[in-house]
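Student:
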């Protein structure tokens with residue numbers, strides 16, 4: 001069975017600082033990997049996804065993530081955080097043979113200090 | 001733009017009531033999902049459907065049922081609401097058969113059961 005671990009429940013960074021959110025997955029083959037963001041009171045929005053090819057993936061809002069098969073990781077990064085990035089971030093893994101189902105991590109809440 | 005709408009943003013019900021949560025998507029997606037979201041527990045899949053009248057249990061189906069009579073509409077039913085079903089409920093949809101396709105989420109329904 002697939003699973004996702006987001007080790008950090010809550011992260012605080014200063015505006016303008018760099019950001020890295022960690023995600024580790026468990027899956028027997030090459031998975032589909034996703035990062036979603038949820039602003040307060042909203043549904044989830046896709047930031048980026050990986051399913052094949054280049055292991056460094058660019059997303060919306062200046063985010064990127066790198067798939068590292070050897071470490072079973074898919075960490076999300078942003079070089080300079082803006083106050084509007086404060087939100088909850090979810091990593092998800094989808095199996096290639098699972099009818100579109102994804103398994104989500106527990107989420108990381110990002111607070112941005114002025 | 002894909003749009004997933006949910007019938008209510010906030011709902012307050014009494015213990016024992018039958019509760020219907022409605023979800024509609026406008027992009028002709030085959031797959032539809034119901035999740036509940038609780039602090040520290042991430043998103044947990046309740047039920048999903050990959051076609052009209054087809055459904056499969058997710059990770060936490062107990063106390064819930066679903067209905068999909070039309071492709072665009074997926075309903076979650078709480079047969080007899082209980083206080084432990086107080087939660088945020090998220091509906092999502094995705095297209096079947098496309099490599100690496102993500103899920104599109106509605107804004108959520110915050111249900112309180114008194």
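Protein chains in written order, with the numbering used here: chain Z, 1 to 114; chain U, 1 to 114. Just so it is clear, CB atoms sit at the ideal spot from N, CA and C, and this is done for glycine as well.
Using DSSP's beta-bridge definition, name the partner residues of residue 94(Z).
Tutor: Mapped onto the first chain, residue 94(Z) falls at position 94. In DSSP, residue 94(Z) forms a bridge with 32(Z), 102(Z).
Student: Do the CB positions of residue 87(U) and residue 111(U) come within less than 8 Å of each other?
Tutor: Position 87 of the second chain holds residue 87(U). Position 111 of the second chain holds residue 111(U). Yes, the Cβ-Cβ distance between residue 87(U) and residue 111(U) is below 8 Å.
Student: Per DSSP, what kind of secondary structure is residue 86(U) in: helix, strand or coil?
Tutor: Sequence index remark: in the second chain, residue 86(U) carries index 86 (1-based). Coil, per DSSP.
Student: Between the alpha carbons of residue 78(U) and residue 79(Z), how many angstroms are there, rounded?
Tutor: Counting from 1 along the second chain, the entry for residue 78(U) is found at position 78. Counting from 1 along the first chain, the entry for residue 79(Z) is found at position 79. Rounded to the nearest angstrom, the two C-alpha atoms are 44 Å apart.
Student: Taking its Cβ as the centre, do 16 or more other Cβ atoms sit within 10 Å of residue 29(U), making it buried, or is it exposed?
Tutor: Against the second chain, residue 29(U) aligns to sequence position 29. Buried, by the Cβ-count rule.
Student: Do residue 105(U) and residue 41(Z) have their C-beta atoms closer together than 8 Å?
Tutor: What you label residue 105(U) is simply residue 105 of the second chain in a count that begins at 1. What you label residue 41(Z) is simply residue 41 of the first chain in a count that begins at 1. No; because the gap between Cβ atoms is not below 8 Å, this pair is not in contact.
Student: Look at residue 83(Z) and residue 59(Z) and say whether their C-beta atoms are less than 8 Å apart.
Tutor: For the purposes of this step, residue 83(Z) is taken as residue 83 along the first chain, with counting starting at 1. For the purposes of this step, residue 59(Z) is taken as residue 59 along the first chain, with counting starting at 1. Not in contact: residue 83(Z) and residue 59(Z) (Cβ atoms no closer than 8 Å).
Student: Pull up the distance between the alpha-carbon of residue 19(Z) and that of residue 52(U), whole angstroms please.
Tutor: Here residue 19(Z) is taken as the residue at index 19 of the first chain, counted from 1. Here residue 52(U) is taken as the residue at index 52 of the second chain, counted from 1. Roughly 42 Å separates the two Cα atoms.
Student: For residue 9(U), count neighbouring Cβ atoms within 10 angstroms of its own Cβ and tell me buried if that reaches 16, exposed if not.
Tutor: Position 9 of the second chain, counted from the start, is the residue given in the question as residue 9(U). Exposed: under 16 other Cβ atoms inside 10 Å.
Student: Going by beta-carbon coordinates alone, are residue 31(Z) and residue 2(Z) separated by less than 8 Å?
Tutor: Locating residue 31(Z) in the first chain gives position 31, counting from the first residue. Locating residue 2(Z) in the first chain gives position 2, counting from the first residue. Yes; because the gap between Cβ atoms is below 8 Å, this pair is in contact.
Student: Can you tell me whether residue 40(U) is buried or exposed, with buried defined as 16 or more other CB within 10 angstroms of its CB?
Tutor: Counting from one through the second chain, the residue named residue 40(U) turns up at place 40. Exposed.
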